[in-house]
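A short worksheet on the structure shown next.
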Amino acid sequence: MSVDFKAVPRLATGYRFQWEEAQQNHVLLYPEGMVQLSDTAAAVLSLCDGKRTVEAIVAELEEDYETEGLDEDVTQFLTEAEAQGWVKYG
Amino acid sequence: MAKIPPPLWLLAEVTHSCPLQCPYCSNPLDLVPKKDELDTEGWLKVLHQARKMGAAQLGFSGGEPLVRKDLEVLIAEARKLGYYSNLITSGVGMDAARVEKFRELGLDHIQVSFQADDATLNDYLAGTNAFQHKLEMARAVKASGYPMVLCFVIHRQNTDRVAQMLDLAAELQADYVELATTQFEGWALANRDHLLPSLDQVREAERIAHACQETYKGKMKIYYVVPDYYEKRPKACVAGWGRVFLAVAPDGLVLPCHSARSLPNLELHNVRDHDLEWIWYESKAFNYFRGEDWMKEPCRTCDEREKDFGGCHCQAFKLTGDPTNADPTCAKSPHHHLIEQAIDTTRLNPSNSKPLLFRKRQNNTNLS
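Chains Y and E are the protein sequences, given in the same order.
Under the numbering used here, the final residue of the first sequence carries the number 176; numbering is consecutive throughout.
Under the numbering used here, the final residue of the second sequence carries the number 705; numbering is consecutive throughout.
Rendered as structure tokens:
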């Protein structure tokens, strides 16, 4: 599975991304489950809104973190997220 | 002892009333009467307190939660509080309009249970004609924009039809299918001789489930767990006593596991008298099986004790008479022969066994 930079990722139906005060952590909630997300994963997922392209997500994160070359980290995470069923395209 | 983690998962058993009479029900035989149920305000208090402590997953269960007329109120409040909420239902008691209403109010998903893949067996097990309505409700759930989550509770009388169940699920375009093995608690335990599958049945169901997991990969997620009676190690019941999970029974009794009511000498507390925070962190009941101090051999020195926490204490009690014994489904348990005897279905003589006991209040009197 490779990631198309022009593709538009969104959270899969039934998934909810939110901040959990008690856990001091971002989580992804879905039927019968919850994943605690790393800061990086949370940063990417927060931008998977069905509007931004992968390219735009990378650019935005690079700006936020004042760094370059995040494309590999982002695509690696998105590949995993798609395999897990968290993220869909289109 | 290590710091006690907050609860993450709240199961709200809002009623024991149910229009179905499934003999595999894990509710206690002694069903909570309607007049003893928490009122709306009582449930709202439960939702608030548990959320504040950190619970994020919320299941509305029962009985049949749709029986509660105030379910909409509870769903709306749950969404407002930030729960990820799930309605665990037979589908009986809703129509497409009520599903749509739940959606508007912010319910996150609906799990519709089926007793079987065909009307005759389904309706026989449910004790009522529900199959056609269930099909309609599964479709209504999907049409409303929800993921379709189906649950088949499996046991000896339907486990040979796992392939057909998964065909039905695929035809309905289910997103998730849970093949849930009967938990032998409550009514199911009373009916165990009718419901325990043979080892051959279990292995065949496992083979089919795994093959279908491949076939439907990426389309339909299939959950299948081999029942604990057929494994060599117990399940980590409720992910460990007082670690993650908290159930509130219809009358407000707070339970570390669904069946905890059946344990002897365990003083359970009610949300009418104490707040959840005290019950979770301070009460003796919730601390009873936390940590390892309660353990006896073989658990005490077992290198897997942090994996399964000794298994199910209710099962240990019901089968061995002592909840601090190792769960007898563990092959290391000195009581494991009780499980081996139970699954030796060749010893069963159907003509000798008691008739299948359908779950309804008046049937509880037949038990002695």
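For glycine and all other residues, C-beta sits at the position ideal for the given N, C-alpha and C.
Local conformation of residue i per DSSP, three classes
i              : result
M474 (chain E) : helix
L711 (chain E) : Since the displayed chain E opens at 338 and closes at 705, residue 711 (chain E) lies outside it and no answer follows.
F623 (chain E) : helix
I412 (chain E) : helix
Q117 (chain Y) : The question names Gln, yet the displayed sequence has Pro at residue 117 (chain Y). Looking at P117 (chain Y) - three-state DSSP - the assignment turns out to be coil, as it is neither helix nor strand.
H650 (chain E) : helix
V490 (chain E) : strand
S398 (chain E) : strand
H531 (chain E) : helix
H446 (chain E) : strand
A93 (chain Y)  : coil
K137 (chain Y) : coil
R609 (chain E) : coil
S308 (chain E) : Here chain E covers residues 338 to 705 and nothing more, so residue 308 (chain E) does not appear.
L123 (chain Y) : coil
H595 (chain E) : coil
I559 (chain E) : strand
K174 (chain Y) : strand
Q258 (chain Y) : Outside the shown range of chain Y (87 to 176) lies residue 258 (chain Y), about which nothing can therefore be said.
N703 (chain E) : Note on N703 (chain E): pLDDT 49, under 50, position unreliable in the model; no value is reported.
Q520 (chain E) : coil
Y101 (chain Y) : coil
L351 (chain E) : Residue identity check: residue 351 (chain E) is Val in the sequence provided, not Leu. Looking at V351 (chain E) - three-state DSSP - the assignment turns out to be coil, as it is neither helix nor strand.
Y553 (chain E) : coil
W631 (chain E) : coil
Length of the line joining the Cα atoms of residue i and residue j
i              : j              : result
M120 (chain Y) : L526 (chain E) : 31 Å
L472 (chain E) : Y618 (chain E) : 43 Å
V144 (chain Y) : G523 (chain E) : 54 Å
C639 (chain E) : I680 (chain E) : 25 Å
W380 (chain E) : D367 (chain E) : 21 Å
L505 (chain E) : Q699 (chain E) : 34 Å
Y707 (chain E) : H673 (chain E) : The question about residue 707 (chain E) has no answer here: the residues shown for chain E are numbered 338 through 705.
P370 (chain E) : Q538 (chain E) : 37 Å
K92 (chain Y)  : E141 (chain Y) : 6 Å
R627 (chain E) : T153 (chain Y) : 46 Å
L442 (chain E) : G419 (chain E) : 12 Å
S132 (chain Y) : V514 (chain E) : 28 Å
D445 (chain E) : A433 (chain E) : 16 Å
V410 (chain E) : V581 (chain E) : 26 Å
V173 (chain Y) : H112 (chain Y) : 16 Å
Top-ranked residue by Cα proximity to residue i, from the options
i              : options                        : result
E148 (chain Y) : Y:N111, Y:W105, Y:V130, Y:Q162 : Y:V130
T709 (chain E) : E:N607, E:M557, E:I412, E:G464 : Outside the shown range of chain E, which is 338 to 705, sits residue 709 (chain E), and nothing can be said about it.
W346 (chain E) : E:N423, E:L375, E:D373         : E:N423
T126 (chain Y) : Y:D159, Y:F91, Y:K92, Y:V173   : Y:D159
G464 (chain E) : E:L357, E:R642, E:S670, E:I616 : E:L357
P692 (chain E) : E:I676, E:P360, E:T352         : E:P360
L756 (chain E) : E:L348, E:T352, E:G399, E:R405 : Because residue 756 (chain E) is not part of the residues shown, which for chain E are 338 to 705, the question remains open.
A392 (chain E) : E:P342, E:S427, E:G379         : E:P342
G400 (chain E) : E:H606, E:K554, E:C355         : E:C355
W578 (chain E) : E:N466, E:Q469, E:G648, E:T426 : E:G648
V449 (chain E) : E:F646, E:A517, E:E441, E:E414 : E:A517
L536 (chain E) : E:Y567, E:E508, E:T519, E:C549 : E:Y567
R405 (chain E) : E:C362, E:I616, E:E350, E:K438 : E:E350
M502 (chain E) : E:Y561, E:P365, E:R627         : E:Y561
D455 (chain E) : E:Q469, E:D445, E:I447, E:A433 : E:Q469
Whole-Å CB distance - residue i paired with residue j, under 8 Å assumed
i              : j              : result
E374 (chain E) : D610 (chain E) : Going by Cβ atoms, the distance from E374 (chain E) to D610 (chain E) rounds to 16 Å, so no, they are not a contact pair.
K462 (chain E) : A475 (chain E) : Note that residue 462 (chain E) is Leu in the sequence shown here, rather than Lys. In fact, because the Cβ distance is near 17 Å, the residues do not count as touching under 8 Å.
V591 (chain E) : L583 (chain E) : 7 Å
P534 (chain E) : D664 (chain E) : About 19 Å separates the two Cβ atoms, so there is no contact after all.
P402 (chain E) : P117 (chain Y) : About 16 Å; that fails the 8 Å criterion.
L123 (chain Y) : Y101 (chain Y) : Not really, about 12 Å apart at Cβ, beyond 8 Å.
V429 (chain E) : A477 (chain E) : Not quite, the Cβ-Cβ distance comes to about 13 Å (not below 8 Å), so this is no contact.
Outcome for residue i when other beta-carbon atoms lying within 10 angstroms are tallied against a minimum of 16
i              : result
S705 (chain E) : Unreliable placement is indicated for S705 (chain E), whose pLDDT of 41 sits below 50; no coordinate value is reported for it.
L532 (chain E) : buried
E414 (chain E) : buried
Q104 (chain Y) : exposed
N703 (chain E) : Since pLDDT at N703 (chain E) reaches only 49, below the 50 mark, its modelled position is unreliable, and the value read off the structure follows with that caveat. So N703 (chain E) ends up on the exposed side.
H547 (chain E) : exposed
T161 (chain Y) : buried
T666 (chain E) : buried
D90 (chain Y)  : exposed
S690 (chain E) : exposed
D512 (chain E) : buried
T519 (chain E) : buried
H479 (chain E) : According to the sequence displayed, residue 479 (chain E) carries Lys and not His. With 16 or more Cβ atoms within 10 Å of its Cβ, K479 (chain E) is classed as buried.
P95 (chain Y)  : buried
T457 (chain E) : exposed
L509 (chain E) : buried
Y421 (chain E) : buried
Contact with chain C by residue i, beta-carbon distance below 8 Å
i              : result
A108 (chain Y) : Given the protein chain composition of this structure (Y and E), no chain C is represented.
heavy atom of the ligand SAH below 7 Å from residue i C-beta
i              : result
H673 (chain E) : Of ligands this structure carries none, so the ligand SAH is not represented either.
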